[in-house]
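Peer 1: Just so you know, we're using my numbering here: the sequence shown kicks off at 37 and counts up by one. Think of the CB as a built atom: it goes at the ideal place given N, C-alpha and C, for glycine as much as any other residue. Let me give you the structure first, and then I'll get to my questions.
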Amino acid sequence: MPLAMWRTMFLGSGDASLRRLSTCETSTKRGITEAGQAAESSRFYDGGNGLIPAVLIAKKRDGHPLNDAEIAWFIEAFTRGEVSDPQMSAMAMAICLRGMTPQEISALTAAMLASGESLPRDTSSVPRVDKHSTGGLGDKVSLILAPLLACCDVQVPMISGRGLGLTGGTLDKLESIPGFRCDFDLDQSAQLLKAVGCHIVSASERLAPADRRLYSLRDVTGTVESVSLITASILSKKLAASLDALVMDVKVGSGAFMKSHSDALQLANALVETGTEMQLPVSALMTDMDQPLGRAVGNALEVNEVLDLLRGQGPGEVRELTLQLSAEALLAAKVCTSRDQALLRLQRVWDDGSAMERFEKMIAAQGARISGQLPVAAKHPIVAQRAGFVHLIECSTIGQCVVDLGGGRRSAGDTIDPAVGLQVDVAIGERIESGQPLGFVFCRDDQAERWTKELQRSFIIDDEPVAPRPLIIQRIESKKT
């Protein structure tokens, strides 16, 4: 169903409130005629006051698809408080176990979008694009991509989050810059976007509030991993930003949320096809996360690496991935007509310093200044115990190290130490010698001995050579024409 029809169906006149669907209000006796369910639909209603949450939960639990009106009613009632947190948690578990059809995912996305407002747009014809990553160790691409694309006649309204668990959050990295502010309301975000061309902010409470509430329940009920729920969560917020195109970086490997190729491919396809169904052009790159992206892992360390990259230094793989994702966005928004044209334009504004200037402008507009490298903790080497080839880097150990040092969160209320982290100086397939530094851990002196020994074991070294891993594994685009 086209996005305009979703909005008309769920948003009514377009104001912030979410009206009840007329099909739900009047279906006590006649039910909803959809997908051959008309004969039994009346048993899901309570005799005049709407649908019965427990019956819809049982319907999904038993593997039956929910129709558009049922999903819309359930999310609307949850937003109003008529569906309780335990009932929403039960529905989330039923979805996690039974999955959703593509039509159900689209309806859930639309319902969560309709629970709030959208980022205002002026009459400007400048396209809006964004990139979203599913998260991985050392992933600092967003900090470069937003100002880089803003130099290419597009707006980038990036809405990001904080980290929980082994992968760091984009906002945590930026908040290591003293004074950086990420909490803006929708009108302020629109003003930032107009003045700078990009912003990286936290999600407003007015954007997809149903998703915000649902995510807090998923986090404590073991339902975070559901592809259906992940897809609706990501796309409802991106659609609320009034985008013209979206590029997904779906990471796969030991340092990513999705560990297997099949799971990552399933998520990438769901995101691409659901976005296309709702008239948002979405493409995805599946990228390797069996080793950290770049050298730095940790908040201030990653910001410092971003500064190096914007000045023409730093790891080539971060630059390459940033350029490829940015080119996808320019092509999807029809700003460029070929990948070569897009890459040339992006390289030019990167190399001539325009992207660095735009980054500094964005940081200043959000309350901060950067005059040089951010301070980091004391540096301690992680030394190879033997010669050979790097076969494996245990990203889970590296991520856990950063969390234990204070650079990540175990729970949402934890305080972050931005100065700690790791620098990884070798890659899979690389030849090393005994005694060579594999990297460095940045921590207090009394923590160094434990973690240098622990991290030595996270680099698996063998006598036999191994091929370097490709960074970009696969590109996914919609199968629909």
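Along the alpha helix (DSSP H) that carries ASP158, what are the first and last residues, could you check?
Peer 2: Counting along the chain, ASP158 falls outside any alpha helix (DSSP H), and DSSP gives it neither H nor E.
Peer 1: In the DSSP assignment, the beta strand (DSSP E) including PRO473 goes from what residue to what residue?
Peer 2: Here the beta strand (DSSP E) through PRO473 covers 473-478.
Peer 1: Could you check whether the region 229-242 touches the region 133-150, counting it as contact only if at least three pairs of C-beta atoms, one from each stretch, sit closer than 8 angstroms?
Peer 2: In short, these stretches do not touch, since the Cβ pair count stays below three.
Peer 1: Can you tell me which of the three DSSP states PRO417 falls into?
Peer 2: Strand.
Peer 1: How long is the line joining the alpha carbons of GLN327 and MET148, rounded to whole angstroms?
Peer 2: Each residue's alpha carbon lies about 34 angstroms from the other.
Peer 1: Excluding the 5 residues flanking ILE107 on each side, which residues of the same chain have their C-beta closer than 8 angstroms to its C-beta?
Peer 2: Here the set comprises GLU140, ALA143, LEU144, ALA147.
Peer 1: According to DSSP, is THR310 helix, strand or coil?
Peer 2: Residue state, collapsed to three classes: helix.
Peer 1: Specify, as a first and last residue, the run of the beta strand (DSSP E) that PHE425 falls within.
Peer 2: Note, PHE425: beta strand (DSSP E), 424-429.
Peer 1: How would you write the range of the beta strand (DSSP E) that GLY457 sits in, first residue to last?
Peer 2: Segment 457-460, the beta strand (DSSP E) holding GLY457.
Peer 1: Helix, strand or coil: how does DSSP classify ASP221 here?
Peer 2: DSSP places ASP221 in coil when its eight states are reduced to three.
Peer 1: Let's see if you can read the secondary structure: which residues bound the alpha helix (DSSP H) around LEU329?
Peer 2: LEU329 -> no alpha helix (DSSP H), and no H or E assigned at all.
Peer 1: Under 7 angstroms Cβ to Cβ from GLU61, same chain only, skipping five residues before and after it: list those, please.
Peer 2: Residue placement at GLU61 is poorly supported in this model, since its pLDDT is 32, which falls under 50; the coordinates are not used for a value here.
Peer 1: Starting from GLN409, trace the beta strand (DSSP E) both ways and give me its first and last residue.
Peer 2: Neither: GLN409 is in no beta strand (DSSP E) and is coded neither H nor E.
Peer 1: To test your reading of the DSSP string, which unbroken alpha helix (DSSP H) runs of 4 or more residues are found completely within the region 99-124?
Peer 2: List check, alpha helix (DSSP H) in window: 104-116.
Peer 1: Which of helix, strand or coil does DSSP assign to ILE497?
Peer 2: In the structure shown, ILE497 sits in a strand (DSSP, three-state: E or B).
Peer 1: Please classify ASP499 as buried or exposed, where buried requires at least 16 other C-beta atoms within 10 Å of its C-beta.
Peer 2: Label assigned to ASP499: exposed.
Peer 1: Which of the three DSSP states, helix, strand or coil, is assigned to THR206?
Peer 2: Residue state, collapsed to three classes: helix.
Peer 1: Taking GLN510 as part of the beta strand (DSSP E), name the residues at either end of that continuous run.
Peer 2: That run of the beta strand (DSSP E) goes 508-512.
Peer 1: According to DSSP, is ARG445 helix, strand or coil?
Peer 2: Three-state DSSP puts ARG445 in coil, outside helix and strand.
Peer 1: On the DSSP bridge list, what partners appear for ALA281?
Peer 2: Its beta-bridge partners are VAL165.
Peer 1: Less than 6 angstroms between C-beta atoms, sequence neighbours within five positions excluded: which residues of the same chain meet that for ARG511?
Peer 2: Here the set comprises LEU321.
Peer 1: Can you find the residues in the same chain that come closer than 7 angstroms, C-beta to C-beta, to ARG331, ignoring five residues on each side of it along the sequence?
Peer 2: Answer for ARG331: GLU341, PRO351, GLN459, VAL460, ASP461, listed in chain order.
Peer 1: How big is the Cα-Cα spacing for PRO245 and GLY408?
Peer 2: The alpha-carbon atoms of PRO245 and GLY408 are separated by roughly 38 angstroms.
Peer 1: Using 8 angstroms as the threshold, is the C-beta distance between ARG505 and CYS188 below it?
Peer 2: Contact flag unset, no.
Peer 1: For LEU18 and GLU469, I'd like the C-alpha separation in whole angstroms.
Peer 2: Outside the shown range of the chain, which is 37 to 517, sits residue 18, and nothing can be said about it.
Peer 1: Note down, in chain order, each residue of its chain lying with its Cβ closer than 6 angstroms to the Cβ of PRO454, except the 5 sequence neighbours on either side.
Peer 2: Around PRO454: SER212, ASN335, ALA336.
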